[in-house]
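Comments concern the structure below.
Number of protein chains: 2
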Amino acid sequence: MQALPGFRDFLPADCAVRNYIFAQWRDVSRRYGFVEWDGPVLEPTDLYKKKSGEEIIGQLFNFTDKGGREVAMRPELTPTLARVVAAHEREFKKPLKWFSIPQCFRYEKQQRGRLREHFQLNCDLIGDSSEDADAEMIALLVDLLRSFGFTPDEVRVYVSHRGAWGDYLRNHGNSLSSGEMQEFLTVVDKIERLDETVADERLKRLGTSLQLVRQFIQRPEQYFDAFRGLTDKLKARGLAQFVTLRPQIVRGLAYYTGFVFEAFDRPGKLRAIAGGGRYDNLVAQLSEGAVSLPALGFAMGDVVLGELIRETPSARAQMEAAVEREQQLDVYIVIAKEERRADALAQVQALRDRRYRVDYPLTAARVGKQFQTAEHLQARFAVLFGDEWPQVKLKNMTTGEQESVQVETLAARLQVLF
Amino acid sequence: MQALPGFRDFLPADCAVRNYIFAQWRDVSRRYGFVEWDGPVLEPTDLYKKKSGEEIIGQLFNFTDKGGREVAMRPELTPTLARVVAAHEREFKKPLKWFSIPQCFRYEKQQRGRLREHFQLNCDLIGDSSEDADAEMIALLVDLLRSFGFTPDEVRVYVSHRGAWGDYLRNHGNSLSSGEMQEFLTVVDKIERLDETVADERLKRLGTSLQLVRQFIQRPEQYFDAFRGLTDKLKARGLAQFVTLRPQIVRGLAYYTGFVFEAFDRPGKLRAIAGGGRYDNLVAQLSEGAVSLPALGFAMGDVVLGELIRETPSARAQMEAAVEREQQLDVYIVIAKEERRADALAQVQALRDRRYRVDYPLTAARVGKQFQTAEHLQARFAVLFGDEWPQVKLKNMTTGEQESVQVETLAARLQVLF
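Top line first, the protein sequences correspond to chains E and X.
So the first sequence is numbered by my numbering: it starts at 1 and just counts up by one.
So the second sequence is numbered by my numbering: it starts at 419 and just counts up by one.
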């Protein structure tokens, strides 16, 4: 029997990679003053329909539970966030700076960088509409990428602003309905993939043209005051070289209201590493007007990020060192004489009580084989319990150096060596 | 809209409790040389039927996915473990010492200590049939309980052995079929809850009696050599006072083959905190004979454990300190003069780069209000950017002490203070 298609088994080495990614996510988010929260894996299907419409159902792992409820495994965390914030926002001072690491599920075709489940970091800042909040979130995204060892040569955050396209249209004397605006943004979003004639036709129907849109994409600054303010704030932090204006990054979703951004590998070979933006009306919409709070956020998935780490030598080396550390043992106890087993167990316990990672042979084995096991488990030290009792032999497994110590002083001696 | 019944929202304070429990679980498991792994939340329903029979279906969150597959949200991790071990065991030296922290799902009636989802620590030791392995696992369970601050007055691990009941029956000249043995263990498992007459009748049909069984429960040592060996090994570690023989702890499940054990609060007010045992035939059974490996393991859920922590003053205080640490800020930057915002941002970044947790006001606010925010966020220090520039004022929020420092020396000064 096998795992379901699109689902992963995490063998210890894979789980250590996952833990490394989660550790960076948590560490950097907390440095930014974000606190962790989480919601249920299973939610009423209606929660997702309310945000994304009936079409979402085709992509859900949804079913009727034994109590007759229509339920779905979460495809994303934002609707849960809106539900929880609407219920509890009075208990917290604004802004809320919340992060979470949900596993999310979508029934869709498997492709490179896209499975049927993945973990994602969600960071959301709720209750502040300032441009400093936008800069704070983009800086957080940059620092998340930096924490994995990526440089501006390897990754880039591309930023745009929904309002800039509004300005552009107004400057060309256009005034679009909200439906037309959504159609316009859809074309812009796909502009590099659409057939030129088709794109031009669709844009002409909206009162503009491919040529004009391309001009704006190449020289957007004149329409785009907000970006200058943002750039200044990122410059003050020394992070501006990670961020590039790219007006065509409008993101498909209808609910964004301000800055939008996506992180990519520089060569652009992979899918987006992360994406997000400002969604000032979504909390009100999802809570049916119960609570209205400005907000912005982004999500970063573990699958594409993991691929990019593996393909980037320095990032990969940093990850491998962390993975090795997670799986390493501190001390392996070698029992050379079975009469010493009880004494060895007492030391196993004493060292574990001091938080060392300690292992030992469960059954009698030759000394040579026990040292092989110590090596295999990457133990930093081996301690041999044998003829010299009450002295034990302490061996540094990296240098090969050995010394004899009285068993009562073993813990103290190790404390010096670690 | 609300969360589904039996599912939890984890607000930041709840999530910090969850993180505290997970951190202890990971830390202690690693000290014992266990490495983390994980499997999918969703598996083929057949995987669970194969272990538990058709009856399990009534308790599953199961459905047909969009590809026509019968799937279920995992009710437990052991079937996945058997699947993964059968597929990969050749890649690893034995014994495997593996732990995992899956979220598991059961559609059942909500009660105290029982939700429709919970997290559980699973620890399994695979490929060793020695009694030292049993002692290792029971010691791990004890140390997990100790790590939360519990003493032998507050918790206890009760141990029994399936073989001891076989010995008991043989000593009384009984020889039961495996079906009768299962019926016998079911009665023993419930002996404290069953009506005496009913229990006696059922036992008499199996060739014994309530009186004889009770005698054994009260004085099991004579039938039970294995327990003496186990006790000696726990004594060598100094953990014996946490462990008590209790023959009626046989656990309901058919597949246990040796030692079985459960952890409870001493007054016995709550459900079991953890339970497990040796299951030497299960890997072979679940892999349809592909791989046969002796094994033992246990699981510890987060719900009952969390209740007991909250009810036990010293354990609760230890948890609350950890929760506070997780949510605390290191430094709050107070911007007294808006002209200093860019300079403040540069320091925010410099301190975050040094891994401090730092926050600051996104929009202009009165100095007094900013200090209130610093207090509310439990910042250890506040740094004021204002008139004294290029000096800044550093305030210890615990002691109230203040000093002026040159901005270039701020990071160095903080390093001394932390």
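Idealized CB from N, CA, C, for every residue including glycine.
Since the structure is predicted, the reported quantities are computational estimates derived from the model, not experimental observations.
- Only residues of its own chain outside the window of five on either side were considered, and among them 747, 748 have a CB closer than 7 Å to the CB of residue 775 of chain X, listed in chain order.
- Listed along chain E are 26, 36, each with a C-beta nearer than 9 Å to that of residue 437 of chain X.
- In this structure the stretch 120-128 of chain E lies against the stretch 82-96 of chain E, because at least three pairs of beta carbons, one per stretch, are closer than 8 Å.
- With respect to the 8 Å criterion, residue 278 of chain E and residue 134 of chain E are classified as neighbours on the basis of their beta carbons.
- CA-CA distance, residue 460 of chain X to residue 505 of chain X, rounds to 18 Å.
- Separation of the CB atoms of residue 606 of chain X and residue 678 of chain X is rounded to 11 Å, and the pair is thereby denied contact status at 8 Å.
- Secondary-structure assignment with DSSP links residue 171 of chain E through no beta bridge to anything.
- Collapsing the DSSP output to three states places residue 635 of chain X in a helix.
- The beta carbons of residue 788 of chain X and residue 828 of chain X sit no closer together than 8 Å.
- Per DSSP, residue 602 of chain X is one residue of the alpha helix (DSSP H) stretching across 596-607.
- Counted as a single uninterrupted DSSP element, the beta strand (DSSP E) harbouring residue 812 of chain X occupies residues 809-814.
- Secondary-structure assignment with DSSP links residue 516 of chain X through a beta bridge to X:453, X:542.
- By a beta-carbon distance limit of 8 Å, residue 16 of chain E does not contact residue 303 of chain E. Their separation comes to about 16 Å.
- In the structure shown, the three-state DSSP call for residue 197 of chain E is helix.
- Counted as a single uninterrupted DSSP element, the alpha helix (DSSP H) harbouring residue 789 of chain X occupies residues 785-794.
- Every alpha helix (DSSP H) of 4 residues or more that sits fully in the stretch 298-322 of chain E is shown, in chain order, as 302-311.
- Against chain X, the beta carbon of residue 327 of chain E has neighbours under 7 Å at 453, listed in chain order.
- Residue range 463-470 is occupied by the alpha helix (DSSP H) that includes residue 466 of chain X.
- Considering only X:597, X:455, X:574, X:621, the residue with the shortest C-alpha distance to residue 502 of chain X is X:455.
- Here residue 539 of chain X has 443, 519, 718 as same chain residues with Cβ atoms under 6 Å from its own Cβ, once five neighbours each way along the sequence are excluded.
- Sequence-ordered contacts of the stretch 455-479 of chain X with chain E read 455, 456, 457, 458, 459, 460, 461, 462, 464, 465, 468, 476, 477, 478, 479 [C-beta pairs closer than 9 Å].
- Residue contact with chain E for residue 824 of chain X: absent (no Cβ-Cβ distance below 8 Å to any residue of chain E).
- Between residue 139 of chain E and residue 228 of chain E, the CB-CB gap reaches or exceeds 8 Å.
- Chain X has a Cβ within less than 8 Å of the Cβ of residue 69 of chain E.
- Looking at the backbone, the Cα of residue 531 of chain X and that of residue 688 of chain X are separated by about 8 Å.
- Interface annotation, residue 548 of chain X: in contact with chain E, CB-CB separation under 8 Å.
- Under the DSSP assignment, residue 565 of chain X falls in the alpha helix (DSSP H) whose first and last residues are 549-565.
- A distance below 6 Å between beta-carbons, with the five flanking residues on each side excluded, links residue 56 of chain E to the following residues of its chain, in chain order: 48.
- Going by DSSP, residue 285 of chain E is part of the alpha helix (DSSP H) stretching over 282-286.
- Each residue's CA atom was taken as its position, placing residue 257 of chain E and residue 217 of chain E some 19 Å apart.
- Annotated as proximal: residue 631 of chain X and residue 609 of chain X, with beta-carbon spacing under 8 Å.
- Residues of chain X with a Cβ closer than 8 Å to the Cβ of residue 84 of chain E are, in chain order, 427, 429.
- Counting C-beta atoms within 10 angstroms of its own C-beta, residue 794 of chain X has fewer than 16 neighbours from the protein chains shown and is therefore classed as exposed.
- In this structure, residue 803 of chain X lies near residue 758 of chain X, with their beta-carbon atoms less than 8 Å apart.
- Looking at the backbone, the Cα of residue 484 of chain X and that of residue 694 of chain X are separated by about 36 Å.
- The closest CA to that of residue 325 of chain E, considering only X:574, X:707, X:448, X:436, is found on X:448.
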